[in-house]
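Asks: These protein sequence lines are chains A and B, in that order.
The working numbering puts the first residue of the first sequence at 250, with every later residue one more than the last.
The working numbering puts the first residue of the second sequence at 2, with every later residue one more than the last.
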Amino acid sequence: MSTKLFGEPVQRREDPRLLTGQGRYVDDLGAGALEVAFVRSPHAHARIRDIDVSDALDVEGLVAIYTWEDLPTLLAQPLPLLIPHPALTHGRTAYPLARDVVRHVGEPVVMVVARDRYLAEDVCALIQVDYELLKPVVGVEEAAQSAQLVHEDVPDNVGAHLIQEVPSADGLDARELIETAPHTLTFRLDIERSASMPLEGRGVYARWDADDRSLRVYSSTQTSTSVRMAIAAKLGLPLPKVEVIAPDVGGGFGVKIVHPWPEEVLVPWAAMLLGHEVKWTEDRREHFVSSAHERAQVQFVRVGFDDDGRVLGLDVNILHDHGAYTPYGIIVPIITSTQLLGPYKIGAYRVEFSSIYTNTVQVTPYRGAGRPQGVFCMERTMDHIAEYLGADRTAVREINFIQPDEFPYDQGLIFQDGRPLIYDSGDYPESLRLLKELIGWDGFPALKAQAAAEGRRIGLGIGCYVEGTGVGPYEGGHVQITSDGRVHVSTGLTSQGQGHETVFAQIAAAELGVPMERVSVVTGDTRRFGYAVGTFASRAAVMSGNAIALACRKVREKALRIAAEALEADPRDLEIIDGEVRVVGSPGASIPLATVAVLSNPLRYAFDSETARATQFAGASSFDRPPVEAGEEPGLEGRDYYSPIRSTFASGMHAAIVETDSLTAEIRILRYAVVHDCGNLINPMIVEGQIHGGVAQGVGGALYERMVYDDHGQLLNASFMDFLMPYATEIPSIETAHLETPSPLNPLGIKGAGEAGVIPGSAVIASAIEDAEGIRIDKMPISPSELFDLRRAATG
Amino acid sequence: MKPPPFDYHAPRSLGEALDALAEAGEHGKVLAGGQSLIPMLNMRLAAPAHLVDINRLSELATLDVGPDGVRVGALARHAQVERSERVAAVQPLLREALRLVAHPVIRNRGTVVGSLAHADPAAELPAVLALLGGSVRLARPGVTRDVPAADFFVGPLESAVESGELAVSAFFPALLPRSGTAFREVARRHGDYALAGIAALVRLDDDLRITSATVACVSVGPVPVVVDVTAACGHRPPATADWASAAWAVQDRVDPETDIHATADYRRHLTGVLAEQALRDAAREATGA
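Quick look at the structure:
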């Protein structure tokens, strides 16, 4: 690294724009567009008998009404099933508009296009859909035992079933080892539903250019390149005639990686058909009932261990609530099953999951993506073992840790990317030592006793996790230095506010030796970069960061070569400092990168002063060689891709001190401490920001957020009044310490940080409440009302 | 989440506003701070044909503070009342309760009278008005009437305001000498509607014995539940009063419901805990007053 930009807490350059209302989100675009609203199913399970639009036709400003019957062949198919898996024997996806049966409240049935959204909603209110009600299936255990089916052709409502076994070193399986273990415990755990709640919901705005026969689509998405491919395929357009741009995106948290959403193909289709710009902006109610949820699982755990708490065998059976459809495959339960092992080496492991259909909103990854459930399971197990043995909770964890000299460590499972689950690096004992120091673990009993003397109940909790990040298959970066000295960086993956414009500029500036102000970054715009996967799985910095670094290295190499010729020096004697190529040790001998950019292109019209000036460096042309040599390209630009052999594994440990009110049962977090290891830090301030946001979501999942469905499949709290996300007032100040164990897998030695903060939240808070109350906490989230009930049950 | 069509009226004077409301009758709705009405419109839970916006009626943005109490005009925002030192000096319970109402941005826009007219049994201000025995002034063209708090709250989201009437002001009686008040509540998040809450008022005689103790309960009935617990406390100084009996008396009188945030049992339990705490706090205030 040639400058100190890498690793510095550089202020986020996107903030002035985003914080002063200058952001450009989908709904800020297309002021003249027609607007869309949907008639969505009010029933969880019903057959559509008839759709009567006659009352709606008189509304002035109505442009079009579409139902499934209006859709062209390619659109009238069920939407694609992304990421198929052999265990997903009964994958099902929805039609863009319901064909005959609706399977959850909120499923789109009729699409209305009108002059504005107000009128479109007026029209929706006048459309009569005649439904034959079918019995809804709600609740994962109910669905698993029900004769009632969500999909007629999916027996027992089981979409997928997978068993993974990792025998012990001496070939014994988990069940045998548990049977023969000195101690065993059996218990059940429950985690309820939550969901990604980006401030900006989904949104699509499409412009059809009839002259050019091309389509431009703006979507609030986590993957513009894949949305582009889906639109081209579904609308039968040549790929080069489709552009998809993710403008400023107001948060994603996973829900916007699903693609194509029905609206992402329907809105462009309507724009083409109507020859007019068309836009749809999701409202909050739609987001609750028509996008995706996550988390809900029931876990049955059996563990065998020795006198020291060493886990000899672990057997986990998971019922995973998948909602009505499986557009994103079974990524979530696969991650739960594999990441459950955390920083531990378990004697033998058996995990089985069933992915169950219910008449509720579909389940796709939400920040953490199955890990919070897995960590909840493993960390509850560790606490229960400690309680059983009367041992310190950290001692039980420590004895099970993978040791620093055991990396790379093969867990013997297949991870979400279809590759072996092999941890690349980490230092778990050191992480725990730091955490204990940060939270004051050893001094806590005295603190607790003192609080008790004052009539207060406090408890200390802990949770550890390992997170596979930087999932493949690839990302690319493109870097161009123009004759004005500016550096233009682009990558195909998208941004949702994480600070990519800042960190990618830091990487490029550091690699190229230019001031950061000269670097601009474009993400998620298929006009600039066509091949990308997307922003999810804590992968942006690892994947695009490394791709951009590699592209910069190509450009740097070329710049040094051209400069060496101009300066009559050896490229190995050159350095780039502050945008100037210099001969090391001869401060006078230098050439600006802007000039090098001019030299790189034999076509030198004197449009700017730099080009005019550069002619002095033009070497004598050789008449027997072409101006652009074979294998060379004009210009100073480079493109490269980063494609890792497997994911890189970040890790962390959290601890919290909570106080539970002995009278009101209110739960307050007094302190929250985080030790976090994501390898080399590009920008520690941004990493801390990611942790803070993640912890806030973790607290939400632990104490506040749940999706409350009634027996009819109605979501009872589909608004921000009743779906409780924590406010700033509910989030404690977060104390962090960083450990930097570089990844050996990528050039920058980095690991992902995007999801880390949220992962152990429920485990840590449950552990702390249990410590304060002396009551088992095996169900999260927990409210004061539920704690009150647990207390009464405990005291009889 | 866009409202259905409605006619929008923007009267420039109280007379114009009353005329517009009288004409709209049962199809009219008053827009003041809009903190409850606008979400209800957007979710199409309310669909009035006429919306009468009183935000231009600066004559209603009044705060009259006298020795007897505080009269709050229909356009006085929560924040204005909360920050008034004169109001706090005459009736400190208003400030204490207002600090529990949602968040600053909502209090900058929402109005005290609007909150009373909305008559949400989970809201703080109806309990304050009920506890203090205040009243609301209602007007229609040529007619004005004062409705005491006991008659004003009719049911959940239902007040004595009739079609065509405008609530022009509310009166909160002053705190008397040797009296104290307190507001205690438990909400899921800071600023949320309370799961349970208690406004308490305690009066002492010259010998500093309790002569009167009342509470108004939030979120445990269709309207604010006012309970006189003077007898349960006993005619004793606060230090030896039987607060636990008072709390039981309150619990006995409430009829909470279970919802997605809390069970009825938990709400009843909280009501007792908070009643005892609020009564003790109010008595402490009274002792110092």
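From the three backbone atoms N, C-alpha and C, an ideal C-beta is built for every residue, glycine too.
Which of the residues in the stretch 103-117 of chain B, read from start to end, lie with their CB under 7 Å from any CB of chain A?
Replies: none
Asks: Need the endpoints of the beta strand (DSSP E) that H292 of chain A sits in, please.
Replies: Note, H292 of chain A: premise wrong, no beta strand (DSSP E); not H, not E.
Asks: Kindly say whether R189 of chain B, judged by its beta-carbon, lies nearer than 8 Å to any beta-carbon of chain A.
Replies: For R189 of chain B, the nearest beta carbon of chain A is closer than 8 Å to its own beta carbon.
Asks: Starting from the Cα of E166 of chain B, find the closest Cα among B:L139, B:L177, B:V187, B:D152 and give me that residue.
Replies: B:L139
Asks: I want to verify the contact list: residues of chain B whose CB lies under 7 Å from the CB of D532 of chain A, in sequence order.
Replies: M2
Asks: Note down, in chain order, each residue of its chain lying with its Cβ closer than 8 Å to the Cβ of Q81 of chain B, except the 5 sequence neighbours on either side.
Replies: A62, L64
Asks: Identify the continuous alpha helix (DSSP H) that holds Q278 of chain B and give its terminal residues.
Replies: 265-289
Asks: Looking only at its own chain, which residues have a Cβ that is under 7 Å from the Cβ of T338 of chain A, when we skip the five neighbours before and after it?
Replies: A409
Asks: I'd like to know whether the C-beta of Y9 of chain B is nearer than 8 Å to at least one C-beta of chain A.
Replies: It does not: the Cβ of Y9 of chain B has no partner Cβ on chain A nearer than 8 Å.
Asks: With C-beta atoms as the reference, is P1030 of chain A less than 8 Å away from L912 of chain A?
Replies: no
Asks: Following the continuous beta strand (DSSP E) through Y890 of chain A, name the residue where it begins and the one where it ends.
Replies: 885-891
Asks: Can you tell me where the alpha helix (DSSP H) holding N966 of chain A begins and where it ends?
Replies: From DSSP, N966 of chain A is part of no alpha helix (DSSP H); its letter is neither H nor E.
Asks: Please check if any C-beta of chain A sits within less than 8 Å of the C-beta of H28 of chain B.
Replies: no
Asks: Tell me the residue span of the beta strand (DSSP E) that contains I412 of chain A.
Replies: 407-415
Asks: Pick from A:M521, A:T575, A:R559: whose alpha carbon is nearest that of S540 of chain A?
Replies: A:T575
Asks: Alpha carbon to alpha carbon, what distance is there between H119 of chain B and S37 of chain B?
Replies: Going from the Cα of S37 of chain B to the Cα of H119 of chain B covers about 8 Å.
Asks: Out of A:G279, A:Y315, A:T342, state which residue places its alpha-carbon closest to the alpha-carbon of V288 of chain A.
Replies: A:Y315
Asks: Could you check the C-alpha separation between V491 of chain A and R888 of chain A for me, to the nearest Å?
Replies: So the alpha carbons of these two residues sit roughly 22 Å apart.
Asks: On a Cα-Cα basis, can you pick out the residue from A:I918, A:G947, A:Q946, A:A922 that is closest to I1018 of chain A?
Replies: A:I918
Asks: Would you identify the three-state DSSP class for W249 of chain B, choosing helix, strand or coil?
Replies: It is helical.
Asks: Does the pairing of the stretch 816-830 of chain A with the stretch 759-768 of chain A give three or more beta-carbon distances under 8 Å?
Replies: yes
Asks: Just list the residues that DSSP pairs E984 of chain A with in beta bridges.
Replies: A:A922
Asks: Is the CB of N850 of chain A under 8 Å away from at least one CB in chain B?
Replies: no
Asks: Under three-state DSSP, which class holds H749 of chain A?
Replies: helix
Asks: List, in order along the chain, the chain A residues whose C-beta lies closer than 8 Å to that of A263 of chain B?
Replies: S1032, P1033, S1034
Asks: Which chain A residues are close to L271 of chain B, counting only those with a beta carbon under 7 Å from its beta carbon?
Replies: Residues of chain A passing the Cβ test: T913.
Asks: Please report the straight-line C-alpha distance between E197 of chain A and V403 of chain A, rounded to a whole angstrom.
Replies: Nothing about residue 197 of chain A can be reported from this structure: the residues present for chain A run from 250 to 1045 only.
Asks: Output the distance between the C-alpha atoms of T990 of chain A and I840 of chain A, rounded to the nearest integer angstrom.
Replies: Whole-angstrom Cα-Cα distance: 38 Å.
Asks: Leaving out five residues on either side along the sequence, give the residues of the same chain with a beta carbon under 8 Å from the beta carbon of D960 of chain A.
Replies: The beta carbon of D960 of chain A sits closer than 8 Å to the beta carbons of P385, V387 from its chain, once the five residues preceding and following it are set aside; these are given in chain order.
Asks: Let me know if E686 of chain A comes out buried or exposed under the rule of 16 or more other beta-carbons within 10 Å of its beta-carbon.
Replies: Exposed is the label assigned to E686 of chain A, since fewer than 16 other Cβ atoms lie within 10 Å of its Cβ.
Asks: Indicate whether at least one CB of chain A lies closer than 8 Å to the CB of P6 of chain B.
Replies: Taking Cβ atoms only, chain A reaches closer than 8 Å to P6 of chain B, which makes this a yes.
Asks: Have a look at B:L177, B:E159, B:Y194, B:S246 and flag the residue whose alpha-carbon is nearest the alpha-carbon of L94 of chain B.
Replies: A check of alpha carbon separations from L94 of chain B across B:L177, B:E159, B:Y194, B:S246 identifies B:L177 as the nearest.
Asks: Give me, in chain order, the residues of the same chain whose beta-carbon lies closer than 6 Å to that of S164 of chain B; leave out the 5 immediate sequence neighbours on both sides.
Replies: G26, E27
Asks: Could you tell me if the beta carbon of S136 of chain B falls within a distance shorter than 7 Å of some heavy atom in the ligand NAD?
Replies: The model on display carries no ligand, and the ligand NAD is accordingly not part of it.
Asks: Can you tell me whether I916 of chain A is helix, strand or coil according to DSSP?
Replies: strand
Asks: Ignore the nearest five residues each way along the sequence and tell me which others in E284 of chain A's own chain have a CB closer than 6 Å to its CB.
Replies: Excluding residues within five positions, the ones whose Cβ falls inside 6 Å are D365, R366, A369, K528.
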